[in-house]
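Scroll down for the structure; my scribbles are underneath it.
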Amino acid sequence: MVRLKTLVNLAVRKGVPGERPRIDLDNIASGAASLTGERAISSAGDSVAFEPGDVLFSKLRPYLAKSLLVEQSAFGTSELLAMVPGPAIDGRFFKYVTLSKPWIEWAVATSYGTKMPRTSWEAMAEYRIDQPPLEDQRRIADFLDQQVAILDDLITSRQTQLHLMHERHASEVDRLLNRVKGPALPLRYFLVKPPSYGVLKPDGYEGADARPLLKIYNISESGKLDHVGGLSTISPIQDREYQRTKVAKGDVVLSVVGTIGRVSVIGDEHAGCNLSRAIARLEVSTQYDGRLVRWWIQSKKFDDFVRITCQGTAQSVLNMGDLAKFRIRATGADSEVVSMLEDRHEHQTSTTLTLERSIMLLAERKQALITAAVTGQFDITTARKVPVA
8 MVRLKTLVNL
18 AVRKGVPGER
28 PRIDLDNIAS
38 GAASLTGERA
48 ISSAGDSVAF
58 EPGDVLFSKL
68 RPYLAKSLLV
78 EQSAFGTSEL
88 LAMVPGPAID
98 GRFFKYVTLS
108 KPWIEWAVAT
118 SYGTKMPRTS
128 WEAMAEYRID
138 QPPLEDQRRI
148 ADFLDQQVAI
158 LDDLITSRQT
168 QLHLMHERHA
178 SEVDRLLNRV
188 KGPALPLRYF
198 LVKPPSYGVL
208 KPDGYEGADA
218 RPLLKIYNIS
228 ESGKLDHVGG
238 LSTISPIQDR
248 EYQRTKVAKG
258 DVVLSVVGTI
268 GRVSVIGDEH
278 AGCNLSRAIA
288 RLEVSTQYDG
298 RLVRWWIQSK
308 KFDDFVRITC
318 QGTAQSVLNM
328 GDLAKFRIRA
338 TGADSEVVSM
348 LEDRHEHQTS
358 TTLTLERSIM
368 LLAERKQALI
378 TAAVTGQFDI
388 TTARKVPVA
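8 is the number of the first residue of the sequence shown in our numbering; add one for each residue after it.
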């Protein structure tokens, strides 16, 4: 095994003239070494230049495993390490090294910072790499090109299934909501009091008498309240100051900053929690079912409302006055529709978990295969005969 710096050089090219496609972190798919999304054309500016044959790796949040073998000249962020393989290492083989488990573990272990961890070239340059002969490196790369393509096709197929299922589910939700009788009235007509947002600047108090605080990440996309690792807390003084957003059973809580539209209905477990600034409390009148309000917020109609209302803002923020104007229908006798929506949601959640687990297992299998190939865990002379599934 040899240190990476004996095989690869770091390229930092600045001030290169002309215009090129741009590669940012969002353009690289995690664990796939492929480009995704639209790419702008730009001049160099403060960016660095990438050339064909460079192997890129994101030093920012390296656990995301964002690598790429450059095929076309481009400009991009300096958060990407642009590594130039020397004559003793094949570029495609090295790309797969950067996707292997030991490489990612090393990058994570050498990272610094908590909120935005990043590694460095100096740290990665010390990584020890297996160096088979060039002919064997190319054979391994050929094998992985074929096998990884098959696994990527399977992953893409599952992701397509997931997308189509979500679209079908959204259509079914809209169809069921259309069965609700009554006029479409502003949301405020169904609430005890106007919507209110939570604690502007939580004090982070952690004493024995601390009060629990729900934050936006506690509301999952499925509507479940998740607090793995524990909830944030505030002091009793601040809790009393923000009494208006101390939630009770049956309240609806809704994210209104950044990721708008994550919504949940408060149950016994979370009654008495307070809310962060990014979450609004909807105190639904007792004659209406809070679950129906939640379903209106999870509808395409609400998505369209948010898109129009928040258009042109630098950060998506739904203010309380606009939220109160969103129109829904409810009669207080909607139990049949609510029951059908809940049943549909349960089935949707179960199927989503199955597909997401399948995608996760395929991704794990892909990384295990790559790791085994680039670290010499199987005989490359018979590699082409190894089945994928």
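Where a beta carbon is used, it is the ideal one built from N, C-alpha and C, also for glycine. All figures in this text were calculated on a predicted structure; none of them were measured in a lab.
Which value, in whole angstroms, describes the spacing of the CA atoms of A72 and I377? In a straight line, the C-alpha of A72 is about 13 angstroms away from that of I377.
Out of T13, L221, R186, T359, point me to the one whose CA is closest to M347's CA. R186
Unbroken beta strand (DSSP E) run spanning A81, endpoints: 81-83
Could you pull the start and end residues of the beta strand (DSSP E) that P28 belongs to? 26-30
Whole angstroms are fine: how far does the CA of A177 sit from the CA of V344? Each residue's CA atom was taken as its position, placing V344 and A177 some 15 angstroms apart.
Measure the Cβ-Cβ separation of P202 and A287 and say whether it is below 7 angstroms. yes
Between P219 and Y70, what straight-line distance do the alpha-carbon atoms span, to the nearest angstrom? Each residue's CA atom was taken as its position, placing P219 and Y70 some 30 angstroms apart.
Test item: CB-CB of P28 and A81 under 7 angstroms: yes
At least three beta-carbon pairs within less than 8 angstroms, the region 52-62 to the region 82-102: yes
Looking only at C-alpha atoms, which of V55, W128, I48 sits nearest to N16? W128
For the candidate residues D310, A40, Y196, whose alpha-carbon lies nearest to that of T105? A40
Buried versus exposed, by CB contacts within 10 Å (16 or more), H354: exposed
Proximal residues to K332 (C-beta, below 8 angstroms), its chain only, five neighbours per side dropped: P193, L194, R195
Alpha carbon to alpha carbon, what distance is there between R251 and Y224? If I take the Cα positions, the gap works out to 21 angstroms.
Ignore the nearest five residues each way along the sequence and tell me which others in G83's own chain have a CB closer than 7 angstroms to its CB. R29, I30, D31, S54, V55, F57
Own chain, CB closer than 7 angstroms to Y295, minus 5 neighbours either side, in chain order: F197, A337, G339
Under 8 angstroms, with one C-beta from each stretch per pair, do the region 295-306 and the region 358-377 reach the 3-pair mark? no
8 angstroms CB neighbourhood of C317 in its chain, flanking five on each side removed: I267, S323, V324, L325
Exposed or buried, what is D258 when buried is set at 16 or more other beta-carbons lying within 10 Å of its beta-carbon? buried
Quick check on DSSP: helix, strand or coil for Y224? helix
Report the option in K256, L261, S239 whose CA atom is closest to the CA atom of G230. L261
Per DSSP, what kind of secondary structure is N34 in: helix, strand or coil? helix
Reference K222, options S283, Y204, E248, closest by Cα: Closest option to K222, Cα to Cα, is S283.
Whole-number beta carbon distance between I241 and A217, since they are thought to touch under 8 angstroms: 7 angstroms
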